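Residue numbers (our numbering), protein chains in the order written: chain E, 41 to 256; chain G, 1108 to 1497; chain V, 171 to 374; chain W, 2 to 404; chain R, 638 to 809.
Virtual Cβ for every residue (Gly too), placed ideally from N, Cα, C.
Please read these numbers as outputs of a predicted model, since none were measured by experiment.
Okay, so here's the structure we're looking at.
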Amino acid sequence: METVEQIRDRLLARFPGATVEVRSNPSPSGQHSLLLGAATAREIAQFLRDDPALRLDQCSNVTGVDWPEKEVVETTKTTVPDPAGGPAKVVEQKSRRLEPGCLEVVYHLYSIALRHGPLVLRLRTGNRTDQVTLPSLTPVWRACEFQEREVFDLFGVRFEGHPDLRRILMWDGFQDHPMRRDYVEPDDYEWEPTPHGAVLAKAKRHYPAPAPAAKP
Amino acid sequence: MSAPDSSFLAPPAGSQVRAVHDEFHGDLLEVSMGPHHPSTHGVFRMIVTLDGETIVKLKPVFGYLHRNHEKLGENTSYLASMPYTDRLDYLNSMTNNWAYALAVERLAGLAVPARAEYLRVILAELTRLLNHSCLAGFLLQDCGCSGTPLMYAFREREKILDLFESLSGSRMMCNFQRFGGCRVDPSADWLAGVQQLTDGYGAFLDEFEALLTGNEIFMARTQGVGRLAAPLAISAGVTGPVLRASGVAHDLRKVDGYGAYPQFDFRVPLGDHGDTYDRYMVRILEMRESIQILRQALARLPDGPIMDPKAKLRGFRPKAGEAYGRIEGPKGEIGFYLISDGSPNPYRYRVRPPSFINLTILEDLCLGHTVADAVIILGSVDIVLGEVDR
Amino acid sequence: MLGTGLLQGLAVTAKNLVGSFHDPARLPTLEYPEVQPQLPEAYRNFPFLVSESAEDPMGTLRCVACQICEKECPPQCIYIEKSKDKKPDAAGKQQIFPAVFVIDTSVCMSCQICVEVCPFESIKMDQVFAIATTERFGSLLLTREQLAKPNSYYHQIHPTEAAEVDRRLAADRQAAEDKAKAAAAAKSAAPTPPAKPATGGPAA
Amino acid sequence: MTPAAVPPDRWLELAPLQLRDWVTGFLPASLQWLATGLITIVAILAVFGLLFAYLTLAERKILGRIQNRPGPNRTGWFGLLQPFADGVKALTKEDVVPRQADPVLHYLAPVVLVALSLLGFAVIPFGRHLVAVELDAAVLYFFAAGAATELAIFMAGWASRNKYALLAAMRALAQLISYELPLLLAFVPVVMLAGTLSTTAIVAAQGGWTLGVLPHWFVLTPWGFAGFVIFMIAALAESNRSPFDLPEAESELIAGHLTEYSGFKYALFFMAEYFGMCALCGMAVTLFLGGWQAPCAALECIPSYAWFGAKLLTLLLGFIWIRATLPRLRMDQLTRLAWKFLVPLALINLGTAAFWSLTAGWTGGLQLVRWAVALALVAGPFVLLGRRLSRGVAPRVYRYASS
Amino acid sequence: MILALLLITLLILASAAVAMVLRNLIHSALLLVLSWCGIAAFYLWAGAEFVAFAQILVYVGAISMVVLFAVLLTRPARDAELSVPAVTVLRVAAGLMAAGMVASILGLAVLTTRFSGAATRAPQLTVKDLGALLAGPHAAALLVTGVILTVALLGAVLIAAPAPAPRPEDHS
């Protein structure tokens, strides 16, 4: 199979308006991925499936990943010429930057016909609150039907174009999305004889003065 | 139950239901099969809309056994997730462990000694024997034989579980593989036990086939029932024996060539019709191939360490990055997708469950058949709810 | 529908019916209460704490309350509180011991991760499975006293493993003594620099 | 109508009759006919009640042994008290009647079913002199009683007012009606050859042995064997036994028309099923296996009712054996098997029997021709119809992936 | 013996009457079956076993099924209540007059026939003789009824077969 860069160049050549970037993967597995812009995602997916050189006809895995807002502290080194003519001093400035979070959907594509893969596609939503719609790839690969419903159910990504977007694992009346990083589980805490660590914290919140009782 | 609106009348694309429903005048009967039903292999529910005896619409409902296995994986260390993978597809704990170990080894770039690779192949093939004989037993139980084939299958399964127990300590929750090898080095008499089981398994399969494969009633009940076309199977991400029964030659042991599989020669059986009978027969033939692999693996089992000496047990922190590892489990392609951010807990821990995705085509298979067929089709697709709901 | 397949099937069931009377392979049933199952040596169910001697279990516990198993336990069902004072362990060194060591067996899933990560071979897997209690929290919470079992019991249920563990512990103790002797000899041979040799780390 | 040359009955043969006469001797003459009637009824109920009890145990034991497990052996010695334990369990279980059910019919259905299935025993000759009622049209009476059981199943299905029960009742009726025809057509050749409808006469017609060893049972003639096989398949379907146990197919419609029954009524339904099965097997023994006739002259000393019992038990064990092995047929396959396979075969069997009776006079070489033609008339249609019925169904050869 | 006879007639008439009165169709159909059994009992009393068992086999076995299936499959329109028109003097008079005419015809027939004194028993016929009679002198009648029945059966199948062309006017 061609490398990710070659595929990116061919995609950019074929879809001039599309935004296709390579996300390198530092781990020894060497499975680098392609970050696609949401607008042309479905056409690119259709092309990847039908292109004779790639023929990625099996969408093996669809995964939701939650990247919450991250406070990035960057230390930039700037050389400041000393006004008194002395040696130039190197000054580090710490600039605090709030990187906007997003919900990401990762597709692992394989080719049964040509026996190669995986090609990893990444689609990112605008942000984690209101712009959470992404184009659904179920019309291209039917395998995404249940897995996209699961990403909607557990992460809250709305897939536009999905034939039957409902919750699949949680019951229909459930409101929140449990797999998000900032999910707070309901306080159905049940007393445990040996609370320690996270459970102890929850026990303290639940019973204001439980500490003595918790000792066996 | 909301009144059945007319929109569902149009059968989904690619299904072979004749458009006879436009002039129907009898009212439709909505039956809910499950979650507490004798033949749904666990807490799985199908809302079936019947027009007389034939199925017009089938909506699978699951989530009754959902424990959010992936959130657990994110809050515990890499090692602590290993015993939880036993609880995914609770029939095949060895292959679940291997898939997770493979993904972590690919994430961290660990090497696995040859003896461990061979041992993993032996355990995976034993699990395949166990799973396929279980399936054949349950399928026949749904067809109506009052438990006889199921008991024969379970008699053989017990022998394999005893082997797992004497090696890993527990029959079904083995927690046996580690990142970079296996936990326990099998003793000589354990290997002799496996050899004895492999020699005896062929006789069991002959007896099982004599009981069922030529049985006219079984053939009448399963041939031509639940036909799955190859293109639909590929597009729906169906993997494992269900895909091979539709004639698609896709077996990860040959395609990916992971572990020690390239060193064994075995064949991959394919079906031509993609119906329930083919799905049953492909699994029976796969069992015979597994016996061949076991024989070769036992003959050429190398000596040496079973654990990569450099692999650290505690405080295992793979470098930042992500990896997707998959193996050919008995039910299909089971994969683990791990994103690591350098901390001892994985940032994202995703399981690619074959049963869950194979259910995508359940409605397409059942349309136009009767309730009795739907039960058999579900049995032939072979799902385990621990893996479907995670 | 010529019925030949059906007759073949009937022949198989008949063979099994007759076989179940004379062929033990065709009647593997174990009638449980009367016939106890022979558990394989590797069988594991619920951990227990190893104590050197049977007479004074609390005094000779191997556990040094390092709380590694508490951190590594997947379902977090172990709860340890260190003791304030110390007590001499088998090699005579002063070691901390667990004042409170509790395992909640209603949560424990016998996955033996604690046994694997314990550097002091002080927690091993038991083979007890027929345990039924009347109420959920009181009796399923095994305290230190209920968990402690002598090394002889460990030899009884896991013979080969226990022998292997004892051999390794003896070798470590031997190595520690040699180092201490060598250090003492080196100290006496070179009296000038009173360098205090680093005491042997926990026998691992 | 006892055949002339019968050896003087041994003491054991007449024992039951002498016992009965001894007991009725105590009563005044006017009540004696009532006493004999009552004793016969009590005897039949006792024998077949016990047979029902131990048949359930035998079923679970044999099914267990076939499945490599010992079967119930905890209650009593080797599990012998298991049926009584089940009986007590059925009695103590609460008898739940759903509120919206139709109380009268719901109560009446099991009662009618058991009554009808017991009626059949009146005409079956258990021994040379042991027949409850000497009827001229005995076989017709037997099938008339059998035909009414559908009514009771319909009442059970309709009275529970439950969607599943009604659906299952309809299925049960369709199955019973479509298998009534092969059942009746199967016994017509026997009546044609025996020349009478009375069961005792039919058994007498099967008396005698050629060369002292080969009995003249109808099953040993080509048309008789075909009739016997059709009769047994139809009997399996009539008594809802596997592979035709569709009505209470547990994997689909929970417990069919028995869904809303519990406690002793549920046990009554099973009692009725077992009585029906025993009655049908008894009739099959009478019609085809020579009732109480001994298989060869030398064994005449063993009392006749012992032979009847032995044959009945072999047939019942055959039912259990089939239940343990064969999967269930689907509804449409079941009715197609009846209408397109069994009914035509039974009609052709009528022809073979007619040919057989017309050529009764042939002797010597012609005897072989007669057998050959009869066998051809039986085997030919069986193979042709069988092949047409399972046209698209055959074991397949599988290919392997090339890579 | 007369007591038994009276009991049977009471059974037949009572079950027929109650069958008319009941609103629940299924109950009345089952009571109808009861009256058929009564008639079969009559045949038995008269010694004609063959006819009695034939009656049970045909009526109780088959025709009751047809009646019940008919009742089940033709679902009554739930909402249209059967409204019985108000009772007027004219209708009562007409009813009485009709009843009177029928009663007089029956009474005349019973009175004019001369019943022979002794209650003679029916001739002792075995089934074999019956068969011989049917196949011999009455063979023609037997064959004709056979043909009629098959024609009726085929007709029923043709009518009940699903109509191939969709009937536009039938929108439920």
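Nearest candidate by alpha-carbon position, reference residue i, set the options
{"i": "E60/W", "options": "F320/W, F265/W, P345/W and S305/W", "result": "F320/W"}
{"i": "V1332/G", "options": "Y1387/G, G1436/G and D1269/G", "result": "Y1387/G"}
{"i": "E109/E", "options": "E232/E, R63/E and D222/E", "result": "D222/E"}
{"i": "L385/W", "options": "K341/W, L182/W, Y401/W and S404/W", "result": "K341/W"}
{"i": "E240/V", "options": "Y202/V, C288/V and P258/V", "result": "C288/V"}
{"i": "D336/V", "options": "S292/V, T303/V and D226/V", "result": "S292/V"}
{"i": "F289/W", "options": "L300/W, P304/W, L316/W and P104/W", "result": "L316/W"}
{"i": "C233/V", "options": "P268/V, L177/V and P244/V", "result": "P268/V"}
Through-space distance from residue j to residue i, alpha-carbon basis
{"i": "E190/E", "j": "P1461/G", "result": "14 Å"}
{"i": "D1382/G", "j": "P1348/G", "result": "12 Å"}
{"i": "N65/E", "j": "A1299/G", "result": "44 Å"}
{"i": "I1162/G", "j": "I1484/G", "result": "13 Å"}
{"i": "A202/W", "j": "A295/W", "result": "16 Å"}
{"i": "L240/E", "j": "P1453/G", "result": "23 Å"}
{"i": "M1280/G", "j": "V113/E", "result": "45 Å"}
{"i": "L1135/G", "j": "Y165/W", "result": "14 Å"}
{"i": "R751/R", "j": "P774/R", "result": "29 Å"}
{"i": "Y267/W", "j": "E261/W", "result": "9 Å"}
{"i": "S294/E", "j": "T119/E", "result": "The shown model of chain E, from 41 to 256, leaves out residue 294/E, and the question about it has no answer."}
{"i": "T336/W", "j": "E188/E", "result": "45 Å"}
{"i": "H130/W", "j": "L136/W", "result": "14 Å"}
{"i": "P218/E", "j": "V224/E", "result": "8 Å"}
{"i": "L1527/G", "j": "G1309/G", "result": "With chain G represented from 1108 up to 1497, any question about residue 1527/G goes unanswered, as that position is not in the structure."}
{"i": "A1327/G", "j": "I301/V", "result": "49 Å"}
{"i": "G1486/G", "j": "V285/V", "result": "40 Å"}
Close beta carbons around residue i, own chain, < 8 Å, minus the five adjacent residues each side
{"i": "A375/W", "result": "T222, P223, W224, T353, F356 and W357"}
{"i": "V115/W", "result": "L269, M272, A273 and F276"}
Burial state of residue i, where buried means 16 or more other Cβ atoms lie within 10 Å
{"i": "E144/E", "result": "buried"}
{"i": "H148/E", "result": "buried"}
{"i": "M734/R", "result": "exposed"}
{"i": "W23/W", "result": "exposed"}
{"i": "K351/V", "result": "exposed"}
{"i": "P215/W", "result": "Here residue 215/W is Leu; the residue named in the question, Pro, does not match the sequence. That one is exposed."}
Residue(s) in a DSSP beta bridge with residue i
{"i": "S151/E", "result": "H156/E"}
{"i": "Y1431/G", "result": "Y1444/G"}
{"i": "K117/E", "result": "E132/E"}
{"i": "P1451/G", "result": "Looking at the DSSP assignment, P1451/G forms no beta bridge with any residue, so it has no partner."}
{"i": "M295/V", "result": "P217/V"}
{"i": "D228/E", "result": "In DSSP, D228/E forms no bridge with anything."}
Cutoff 7 Å; reference residue i; Cβ partners in own chain excluding five residues on either side
{"i": "D97/E", "result": "R89, S151, I152 and A153"}
{"i": "R329/W", "result": "S243, P244, D246, L247 and A250"}
{"i": "S1353/G", "result": "L1335, A1336, A1337, A1340, G1378 and G1381"}
{"i": "A1208/G", "result": "Q1284, R1285 and F1286"}
{"i": "A311/W", "result": "none"}
Any non-hydrogen atom of the ligand ATP within 8 Å of residue i CB
{"i": "T76/W", "result": "With respect to small molecules bound, the structure shown includes none, and the ligand ATP cannot be examined in it."}
Own chain partners of residue i with C-beta closer than 6 Å, once the 5 adjacent residues on each side are dropped
{"i": "H1132/G", "result": "With a pLDDT of 46 at H1132/G, under the threshold of 50, the modelled position of this residue cannot be trusted; read the value that follows with caution. Taken in chain order, the list of residues that qualify is empty."}
{"i": "L378/W", "result": "T353"}
{"i": "G1432/G", "result": "L1209, A1210, R1213 and F1443"}
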